[in-house]
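Residue numbers (the working numbering): 1 to 505.
Glycine is no exception: its CB is placed at the ideal position from the N, C-alpha and C atoms.
Let me begin by presenting the structure, written as structure tokens, before commenting on it.
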């Protein structure tokens, strides 16, 4: 099986005149043929860099996509760096962890996020301005070679070679460097493509960051694998602009996190999303109100899926033919799931909540330079997601939250995610919440709810008391107007917990 970057070459030769990228950040339209030439030019520059890892810190754009492809062309492994928060620290952490020198970035990005220059940064603008005519001619001639010959010009290796380093969110501890191989990502694309039918006629809206696995696989490699057009925009928080782009460029595919999808729903008008045939929510639980909002305003059934960075990412997904709202869908082909009792280690029967374990070609190679953590999470071919859930009688997977988001109160296990789900149903639509636990000297833990606006606490407690046991009822509500978020749009539980602790002490 060819590697990811070689599949891109195949599609570039198959659809040379077709638009590969509609980059709405730079207002550039790039055909597959021009994208191939651009990647070959960049590859020539990257070949002179030190072998091994190459840092990439660029916003979602054609430039970022071509830098990733060019890194693989030149035999380098891209290390994707999160620029959404603490960019300077993230660059330095990645350089130490992966032992590399060069980071491909952008002056425009650094100015926008107010990030100082770090030693080893190379600006994509400078590279593009410095390209000589001879380099362009050479890349053009290479692009015109027969497919088999171009594949020999670029790096060629095995399916189990690393194709990217991605960092875990770090919402609970320091980020881990996840090693994903070509086999991991390709098997994942092939698996979910069997359930969600994709083709070269689809157009993918790409607003998720490529430093996040959801963005990298679903907004970049899956579209290129199928020969789609990628409609990219660098800022997923620019909700109004994205709604305009959807209306004007007519993508057929929309994927996002709940946080981003809420923004698109609120800023859109009925009819704006007429071109969308498939909308998928992932990376965090999909609230019922978000599903209802999309259906009511746009007639779109929002499908929920589930995955992790370590599984490339998709584990399960609902489909138009098999959709059970509230579940995270059926497991994709080629993937095995085991629900394991967190105390006995035995396999759970349908309906019983346990640890979610995953096996298949989608599971990462490991955590770079972290044998201890790798051996804790990978056991006999099974990856322990650290999540809790259950399978129902029909094979749908139901996610119950992180094991770390279960707390023991008075000897009973309580799911903070379940508490959140119940509370959300009674909150005003413009209020977000995050349920956290704090230590309690008597009961072991107490439940506190952070909300973005003041609410009628007594009324909410009265309503949720009908659905939750007494031990699961929150003891405090704290107003935090801006809940800390990560680049993916997910709430940062660690920082939220710290803020709650500060407010209560």
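The Cβ-Cβ distance between residue 338 and residue 346 does not fall below 8 Å. Shown here, residue 433 sits in a strand according to DSSP, grouped into three states. In this structure, residue 179 sits near residue 366, with a CB-CB distance shorter than 8 Å.
Pairing residue 115 with residue 88 gives a Cβ-Cβ distance under 8 Å.
Shortest Cα-Cα distance from residue 219 to any of 457, 191, 253, 80 involves 253. Nearest to residue 503 by alpha-carbon distance, out of 448, 235, 267, is 448. Counting the other Cβ atoms within 10 Å of the Cβ of residue 505 gives fewer than 16, which makes it exposed.
Within the DSSP bridge table, the entry for residue 347 names 340 as partners. For residue 189 against residue 177, the beta-carbon gap comes to about 22 Å, at or over 8 Å, which does not count as contact. The Cβ atoms of residue 135 and residue 41 lie closer than 8 Å to each other. In this structure residue 371 is exposed. Its beta-carbon is surrounded by fewer than 16 other beta-carbon atoms within 10 angstroms. Out of 145, 307, 309, 303, the CA that lies nearest to the CA of residue 322 is found in 303. Per DSSP, residue 10 is one residue of the alpha helix (DSSP H) stretching across 4-14.
Take the alpha-carbon of residue 264 and the one of residue 242: they are about 7 Å apart. Along the length of the region 101-133, whole alpha helix (DSSP H) runs at least 4 residues long occupy 107-113, 124-129, reported in chain order. Checking the DSSP bridge columns, you'll see residue 316 partnered with 306, 331. Partner residues in the beta bridge of residue 476, as assigned by DSSP, are 448.
Residue 84 carries a coil assignment under DSSP once its states are collapsed to helix, strand and coil. For the pair of segments examined, the region 459-477 was found to touch the region 407-419: the number of CB pairs separated by less than 8 Å reaches three.
Rounded to the nearest whole angstrom, the CA to CA distance from residue 211 to residue 462 is 42 Å. The beta carbon of residue 377 lies closer than 8 Å to those of 310, 367, 383, 384, 386 in the same chain, with the five residues before and after it left out. In the structure shown, residue 258 falls within a helical segment according to DSSP collapsed to helix, strand and coil.
Under the three-state reduction of DSSP output, residue 281 falls in the strand class. For residue 409, the enclosing beta strand (DSSP E) begins and ends at 406-409.
Where residue 216 is concerned, the enclosing alpha helix (DSSP H) starts and stops at 213-216.
Assignment of residue 98 by DSSP, reduced to helix, strand and coil, places it in the helix class. Closest in C-alpha terms to residue 78, from the list 93, 57, 62, 92, comes 57. Segment contact: the region 95-107 against the region 32-52, three or more CB-CB distances shorter than 8 Å; contact assigned. Collapsing the DSSP output to three states places residue 286 in coil. Counting C-beta pairs closer than 8 Å gives three or more between the region 192-205 and the region 313-333, which meets the contact rule. The alpha-carbon separation between residue 24 and residue 62 amounts to approximately 9 Å.
DSSP places residue 71 outside any beta strand (DSSP E); the residue lies instead in the alpha helix (DSSP H), whose first and last residues are 62-73. Around the Cβ of residue 90, a 10 Å sphere holds 16 or more other Cβ atoms; the residue is buried.
Between residue 451 and residue 407, the C-beta spacing is not below 8 Å. Here residue 76 is buried. Its C-beta has 16 or more other C-beta atoms within 10 Å. The Cβ neighbour count for residue 82, taken over all protein chains shown within 10 Å, is at least 16; the residue is labelled buried.
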